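**Student:** Numbering (UniProt numbering), first residue to last: 1 to 233.
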């Protein structure tokens, strides 16, 4: 792959010449990736659209406040890292990234799961941990290929039943939210693993009442039995 990592202690901005490298496939512009860059981008340049062959774009750990609509033209993009920025929204055009399978958005300022993300039908990995998200849209059900969903350290008070339709989920981290209950069909997420060495579903730091934590610790089968017993009462 044709790859470029921007580094250098004295670099103050992104050299405009980069956007003439039309065959570039991997671009790293992340200050904490072994490069010690002094700049922190607040805006991803619109000229990013010139790099039509990009498959991986790393722009985490900057100070990005906005992503330009032109991001939607990067039709070959498969991996995008935007963690550790200052993003409060994403452009609708991001929904056009139909090859994207890995999206990192941890530690931003999102208050909801942006609707365009629910159009990314190739997505297998989504990390929106450490934001201010208080709601998940029902359209999340469209992410049928999703295997990993990280929602730690947000402000969620509930989950839509539609989450239970994501039958390919292997990892779902929900720790440190405000969840008092789980959807009644949660036990249908049978691919979540409550192993001894690794627990793929995390509930810690939530005031769960239905089902209570001791039931959650039994895994999908225990949760399914709990809700079944409620229906029999």
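Just so you know, even glycine gets a beta-carbon here, dropped at the ideal spot from N, CA and C.
Please read all numbers here as calculations on a predicted model, not as lab measurements.
Give the DSSP-derived three-state secondary structure of residue 209 in the structure shown.
**Tutor:** For the purposes of this step, residue 209 is taken as residue 209 along the chain shown, with counting starting at 1. Three-state result, residue 209: coil.
**Student:** Look at the alpha carbon of residue 100 and the alpha carbon of residue 214, and state the distance between them as a whole number of angstroms.
**Tutor:** In the chain shown, residue 100 corresponds to position 100, counting from 1. In the chain shown, residue 214 corresponds to position 214, counting from 1. Near 37 Å, if we compare the C-alpha coordinates of residue 214 and residue 100.
**Student:** Would you call the CB atoms of residue 129 and residue 153 closer than 8 Å?
**Tutor:** In the chain shown, the residue the question calls residue 129 occupies position 129. In the chain shown, the residue the question calls residue 153 occupies position 153. For residue 129 and residue 153, yes; Cβs fall inside 8 Å.
**Student:** Give the secondary structure of residue 247 by DSSP, where H, G and I count as helix, E and B as strand, and everything else as coil.
**Tutor:** The chain is shown from 1 up to 233; residue 247 falls before or after that span and cannot be answered.
**Student:** Would you identify the three-state DSSP class for residue 79, choosing helix, strand or coil?
**Tutor:** In the chain shown, the residue the question calls residue 79 occupies position 79. Note: residue 79 maps to strand in three-state DSSP.
**Student:** Could you work out which residue in 30, 179, 52 and 49 is closest to residue 62 when comparing CA atoms only?
**Tutor:** Locating residue 62 in the chain shown gives position 62, where the first residue counts as 1. Ranking the options by Cα distance to residue 62, first place goes to 30.
**Student:** Whole angstroms is fine: what's the gap from residue 110's alpha carbon to residue 95's?
**Tutor:** Position 110 of the chain shown, counted from the start, is the residue given in the question as residue 110. Position 95 of the chain shown, counted from the start, is the residue given in the question as residue 95. The straight-line gap from Cα to Cα measures roughly 17 Å.
**Student:** Can you tell me which of the three DSSP states residue 73 falls into?
**Tutor:** If you number the chain shown from 1, residue 73 lands on position 73. Helix.
**Student:** Can you tell me the Cβ-Cβ gap for residue 112 and residue 134, rounded? I've got them flagged as a contact below 8 Å.
**Tutor:** Taking the first residue of the chain shown as 1, we reach residue 112 at position 112. Taking the first residue of the chain shown as 1, we reach residue 134 at position 134. 7 Å between Cβ atoms; contact.
**Student:** Near residue 42, which residues of its chain fall below 7 Å by C-beta distance, leaving aside the five closest residues on each side in sequence?
**Tutor:** The residue you call residue 42 lines up with position 42 of the chain shown. Cβ neighbours of residue 42 beyond the five flanking positions: 63, 64 and 65.
**Student:** Residue 79 and residue 56 - do their beta-carbons sit closer together than 8 Å?
**Tutor:** Taking the chain shown and counting its residues from 1, one reaches residue 56 at position 56. Taking the chain shown and counting its residues from 1, one reaches residue 79 at position 79. It is a contact, given that the beta carbons lie within the stated cut-off.
**Student:** Excluding five sequence neighbours on each side, which residues of the same chain lie with their C-beta closer than 6 Å to the C-beta of residue 28?
**Tutor:** Counting from one through the chain shown, the residue named residue 28 turns up at place 28. Excluding residues within five positions, the ones whose Cβ falls inside 6 Å are 5 and 58.
**Student:** Under three-state DSSP, which class holds residue 230?
**Tutor:** As a first step, residue 230 must be located in the chain shown, where it is residue number 230. In the structure shown, residue 230 sits in a helix (DSSP, three-state: H, G or I).
**Student:** Enumerated in chain order, which unbroken segments of the beta strand (DSSP E) with a length of 3 residues or greater are wholly contained in the region 55-130?
**Tutor:** If we require 3 residues or more, the beta strand (DSSP E) runs fully inside the region 55-130 come out as 56-58, 79-81, 102-104 and 125-127.
**Student:** If you draw a straight line from the alpha carbon of residue 202 to that of residue 122, how long is it in whole angstroms?
**Tutor:** On the chain shown, residue 202 is found 202 positions in, with the first residue counted as 1. On the chain shown, residue 122 is found 122 positions in, with the first residue counted as 1. Those two C-alpha atoms are separated by around 24 Å.
**Student:** Could you have a look at residue 26 and say whether DSSP puts it in helix, strand or coil?
**Tutor:** For this step, residue 26 is matched to residue 26 along the chain shown. In this structure, residue 26 counts as strand in the three-state DSSP scheme.
**Student:** Can you find the residues in the same chain that come closer than 8 Å, C-beta to C-beta, to residue 87, ignoring five residues on each side of it along the sequence?
**Tutor:** Along the chain shown, read from residue 1 onward, the residue named residue 87 stands at position 87. So the qualifying residues of the chain are 64, 65, 66, 67, 105, 108, 109 and 110.
**Student:** When the distance is taken between beta carbons, is residue 158 closer than 8 Å to residue 179?
**Tutor:** Within the chain shown, residue 179 is the residue found at index 179, counting from 1. Within the chain shown, residue 158 is the residue found at index 158, counting from 1. Closer than 8 Å, so yes.
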